[in-house]
Amino acid sequence: MYINTTGLVLREAPYRESSKILTVLTSTHGKITVAARGARRRGSRIAAAAQPLMLSEMTLFVHRDRYTLTEAQPVELFPGLTHDLARYSLGAYFAELLEAVADEDVPNPELLSFGLNALYLLSEGKRDMRLVKAVFELRIMLISGYAPSLAACARCGEPANDPVLLLDEGALSCLRCKKPGEAYEKLCEGSLEAMRFVLDAAPRRVFSFRLQEPALRRFSAACEAYAMHQLGRRFKTLEYYKSVSEGIAADGAKTPPEKGKKPEDTDKNPAP
Numbered sequence: 041m042y043i044n045t046t047g048l049v050l051r052e053a054p055y056r057e058s059s060k061i062l063t064v065l066t067s068t069h070g071k072i073t074v075a076a077r078g079a080r081r082r083g084s085r086i087a088a089a090a091q092p093l094m095l096s097e098m099t100l101f102v103h104r105d106r107y108t109l110t111e112a113q114p115v116e117l118f119p120g121l122t123h124d125l126a127r128y129s130l131g132a133y134f135a136e137l138l139e140a141v142a143d144e145d146v147p148n149p150e151l152l153s154f155g156l157n158a159l160y161l162l163s164e165g166k167r168d169m170r171l172v173k174a175v176f177e178l179r180i181m182l183i184s185g186y187a188p189s190l191a192a193c194a195r196c197g198e199p200a201n202d203p204v205l206l207l208d209e210g211a212l213s214c215l216r217c218k219k220p221g222e223a224y225e226k227l228c229e230g231s232l233e234a235m236r237f238v239l240d241a242a243p244r245r246v247f248s249f250r251l252q253e254p255a256l257r258r259f260s261a262a263c264e265a266y267a268m269h270q271l272g273r274r275f276k277t278l279e280y281y282k283s284v285s286e287g288i289a290a291d292g293a294k295t296p297p298e299k300g301k302k303p304e305d306t307d308k309n310p311a312p
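Numbering (this note's numbering), first residue to last: 41 to 312.
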C-alpha cells in the first residue's frame, strides 16, 4: 500500500552502504521511522528530501507497519538555517525535542504545525533566538500535556510574591512558600507574564511579543529548566547549541587591537 503525506525529517542515521533510516514527523501518521533506500547514493532522487530539517511531500510504501520512502519533493528548505551554525544547531535541538514528545504512529497536527512555525521564524532571523527557544520549549510542554499551573501560588493560593516556578510540581509558588530542597527557577513579573501569554495565546500569536532584560534571561532559564526537568533527560543538541552560541559570543567580545599596533602587542603587560 502507498500513502502520501507531508513530513519533517527530525533525524537521520546511515544504513548499510547507501541508505538511511529517517525519523519523520508527519501530518497524517505522527512520528514514524522511514527507510530511505539509496538516499546516500550520488544522484538519488530522494537524497534532497532525506535531510534533517527538510519538509517534503512524501510517497511511502507501507508493508507490515514498515515505511519506505519511494518518492519525495522538498517543500521547505529553511535556508536561513543552513547558512548560520547557531540557528541550525538550535533547529536541530527543536527537532530532538519534537522527537522526544511525539508518539509513534499517533497523528498530532498541532505539534507539526507548531514545530514548522518555530523553524520558519528561526530561519527568518528576525526574532531573538533566546525568545524563540524559550517559547518553543514552554509551548511544546503545553501541547504534550505538561503545562505548568501559573494562576496563583500553589501553596497559599494568593498571587505569588517573589514568584518561583517549582520544577517538580509544575506550579507557581511564592519564594517564602517553597519547601526546602525543592527544585525551582526564580521568576519576575515580566517573565511570569510572558509564560502565561505563551500558554494562553492562540497558535498564530504565541511568538508575537518582545521581552527585555532581565525578564528575558529569567524567562529563558525557566522554560529550559522546566522542559528538561519534566522530560527527565539531557539533549546533546542543546549542549552543542550552547557551545556554538558561547563561541560566537566570545568571538564577538574580543576587542580589536589599537590602530598601529600588532595583535600580539595588545596582550602584553605594561612595563612596571
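In this text, a Cβ means the ideal position worked out from N, Cα and C, and glycines have one as well. Bear in mind that the values here come from a model prediction, so they are computed numbers and not experimental data.
**Study point:** Integer Cβ distance of Tyr-281 from Tyr-133, believed to fall under 8 Å
**Key:** In the sequence shown, residue 281 corresponds to position 241, counting from 1. In the sequence shown, residue 133 corresponds to position 93, counting from 1. Rounded to whole angstroms, the Cβ separation of Tyr-281 and Tyr-133 is 5 Å, and the two are in contact under 8 Å.
Check your understanding: With burial defined as no fewer than 16 other Cβ atoms inside 10 Å of the residue's Cβ, what is the status of Glu-52: buried or exposed?
Key -> Position 12 of the sequence shown holds residue 52. It is buried - the Cβ of Glu-52 has at least 16 other Cβ atoms within 10 Å.
Point to revise | According to DSSP, residues forming a beta bridge with Ile-86 | key: Locating residue 86 in the sequence shown gives position 46, where the first residue counts as 1. Per DSSP, none; premise fails for Ile-86.
Practice item. Tell me whether the beta-carbon of Val-49 lies closer than 8 Å to the beta-carbon of Pro-92. Key: Sequence index remark: in the sequence shown, residue 49 carries index 9 (1-based). Sequence index remark: in the sequence shown, residue 92 carries index 52 (1-based). In this structure, Val-49 sits near Pro-92, with a CB-CB distance shorter than 8 Å.
**Study point:** Residues near Asp-143 by beta carbon distance below 7 Å, same chain, minus five either side
**Key:** Residue 143 sits at position 103 when you count from the first residue of the sequence shown. For Asp-143, the CB contacts under 7 Å within the same chain, skipping 5 residues up- and downstream, are Gly-70 and Lys-71 in chain order.
Practice item. Could you name the residues that DSSP lists as bridge partners for Tyr-133? Key: Residue mapping note: residue 133 aligns to position 93 of the sequence shown, counting from 1. Tyr-133 has no beta-bridge partner at all, per DSSP.
Review point. From what residue to what residue does the alpha helix (DSSP H) around Gly-230 run?
Key: Against the sequence shown, residue 230 aligns to sequence position 190. Segment 229–240, the alpha helix (DSSP H) holding Gly-230.
**Study point:** 7 Å CB neighbourhood of Arg-6 in its chain, flanking five on each side removed
**Key:** Absent from the model: residue 6. The displayed extent of the chain is 41 to 312, so no value can be given.
Review point. Since Glu-164 and Glu-264 are thought to touch, with beta carbons under 8 Å apart, how far apart are those beta carbons, to the nearest angstrom?
Key: The residue you call residue 164 lines up with position 124 of the sequence shown. The residue you call residue 264 lines up with position 224 of the sequence shown. Going by Cβ atoms, the distance from Glu-164 to Glu-264 rounds to 22 Å, so no, they are not a contact pair.
Check your understanding: In terms of alpha-carbon separation, which member of Met-169, Arg-258 and Gly-197 lies closest to Gly-131?
Key -> Translated into positions along the sequence shown, residue 131 becomes position 91. Nearest to Gly-131 by alpha-carbon distance, out of Met-169, Arg-258 and Gly-197, is Met-169.
Review point. Between Pro-199 and the rest of its own chain, which residues show a CB-CB distance below 8 Å, the 5 nearest in sequence each way excluded?
Key: Taking the first residue of the sequence shown as position 1, residue 199 is located at position 159. Hits under 8 Å: Ala-192 and Cys-193.
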